[in-house]
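Accompanying notes for the structure given below.
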Amino acid sequence: MTVWEKLEILGAAASYDHSCTGTGFKREAPASFEGRRRIPGIYLAQTADGRCLPLLKVLFTNRCRYDCVYCVNRASKDVPRASFEPRELAELAMELYRKGVIRGIFLSSAVARSADYTMERMLEVARLLRQVYSFRGYLHLKLLPGSDPELVRQAVRLANRVSANLEFVRRKSLALLAPGKEKRILVGALAQARRFKLEEELPTSLTTQVIVGATQETDYDILRAAQNLYRQGLLKRMYFSAYLPVNDDHRLPPKETPPPLLRERRLYEADFLMRLYGFSYEELLGPGKNLDLAKDPKLSWAERHPEFFPVELKKASYEELIRVPGIGPRSAKKLLSLRKDCVLTTKGLARLGIRVERALPFITIGGKRPARNLSLFSL
Ligand code: SF4
């Protein structure tokens, strides 16, 4: 099998992993690159500051000893299988990098033979890239469940980001759909990675992914788990992956079930509120509940808490401002820095990035409700 044939299989197989943000897109190779052709496995990932980074997102192998019920690569599934050799994958990635096709690599894998065996080979790719080819781009490495701690340490040293996929937040979901995986081991990998990062003062970030909609797990379960992991410092971000049916099995939702994309979006919105706005999961929804699909969770919270409003824009603290629908951290900071030197009128709030129509029902300026359809705030 040629390296391109492997890339066809292993680039497509990686698309199910959402533990780095990314949307698939086709990028054509430069004319000098084995002739003009479409390159599989190339994704656009969004960085924290909003830039788009073309990544090679690929599995090292899709041969797996596990038989996770929901997975396209499960051991019992009859699909084409492939594995890279460490050097051929490192050379391929490096060539794409040098030619400007990619700016980074997200390397994940199924678990062939054992976690340690596969992790060793993934690390060999990373070592070749960093130490032999002087690769300076972004590198995200997946931690395979149950890997030796020393391998986790090496991954944390070599990568910009490491992730260990929890897949589900409740033990019984894992037992049902991912037999052989244990929550204790998956969270343990994140804890080890965090310890090594702190011991060696490395900037490596930690993420995970959970699948949404394959089990009875509620948004409350998922957000509670996310916030607990954030509070323990074990995660920079949790990613949510709407369940995409690829297998028929009585333990799964019917195959014709559409992926719960709106639910996934609401979870991302709630996650932002927890990480950047100071909300707790208990404020956003009650035990056993899902988020309201009809409106975003911040608006939903505001409508349930009339006692908190209106917020007076001339006096409110940062923490109060960012609870107003339509006002985010950036616009709240701008408002705080400008309001003492400006006359707050009905002109200009939109220029601060405030979504005025959204904010209007929840604010006052100088004790008065601002009129609708007027631009607000002038200097
Ligand atoms: S470990 Fe489970 S989820 Fe991961 S590739 Fe293997 S079967 Fe799929």
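Counting with numbering that gives the first Met the number 0, you get residues 0 to 378 for the letters of the sequence shown.
Here a beta-carbon is modelled for each residue, glycine too, at the ideal position from N, C-alpha and C.
This one's a predicted model, so the numbers in the text were calculated from it and none came from an experiment.
Here P53 carries a strand assignment [DSSP, helix/strand/coil]. Ranked by Cα distance from L43, the first of A81, S75, V100, C63 is V100. In terms of side-chain proximity, the C-beta atom of E90 is found no nearer than 8 angstroms to any non-hydrogen atom of the ligand SF4. In terms of Cβ geometry, P178 and D66 form a close pair [threshold 9 angstroms]. Judged by DSSP secondary structure, K313 falls outside any beta strand (DSSP E); it is assigned neither H nor E.
Its Cα nearest to that of L9, the residue V57 stands out among V57, I41, Q45, L52. For V68, there is no enclosing alpha helix (DSSP H), as DSSP gives it neither H nor E.
Under the three-state reduction of DSSP output, T363 falls in the strand class. Taking all protein chains shown into account, T60 has 16 or more neighbouring C-beta atoms within 10 Å of its C-beta and is therefore buried. Between L140 and L157 the beta-carbon gap is near 7 angstroms, inside 8 angstroms, which marks them as a contact.
Under the three-state reduction of DSSP output, M0 falls in the coil class, being neither helix nor strand.
Pairing L6 with I41, the inter-Cα distance amounts to about 10 angstroms. Excluding sequence positions up to five before and after Y132, its CB lies within less than 6 angstroms of the CB of M93, all in the same chain and listed in chain order. Relative to the ligand SF4, the beta carbon of V78 is positioned no closer than 8 angstroms to any heavy atom. Annotation: V110 to L175 spans about 19 angstroms, alpha carbon to alpha carbon. Using a C-beta cut-off of 8 angstroms, the segment 219-237 makes contact with the segment 252-272, since at least three inter-stretch Cβ pairs fall below that distance. With respect to L205, S172 sits apart: the two C-beta atoms are not nearer than 9 angstroms. With fewer than 16 other Cβ atoms inside 10 Å of its own Cβ, D340 counts as exposed. Taking non-hydrogen atoms of the ligand SF4 into account, the C-beta of N72 is found less than 8 angstroms away from one of them. The closest CA to that of V78, considering only R183, V245, L185, E149, is found on V245. As the crow flies, the alpha-carbon of E87 is around 12 angstroms from that of M121. Look at G187 here: in three-state DSSP terms it is helix. With a 10 Å radius around the Cβ and a threshold of 16 neighbouring Cβ atoms, G103 comes out buried. Distances from the CA of S316 to each of P305, A213, S330, P369 were compared; the closest alpha carbon is that of S330. The closest CA to that of L261, considering only V211, Y276, R160, F278, is found on V211.
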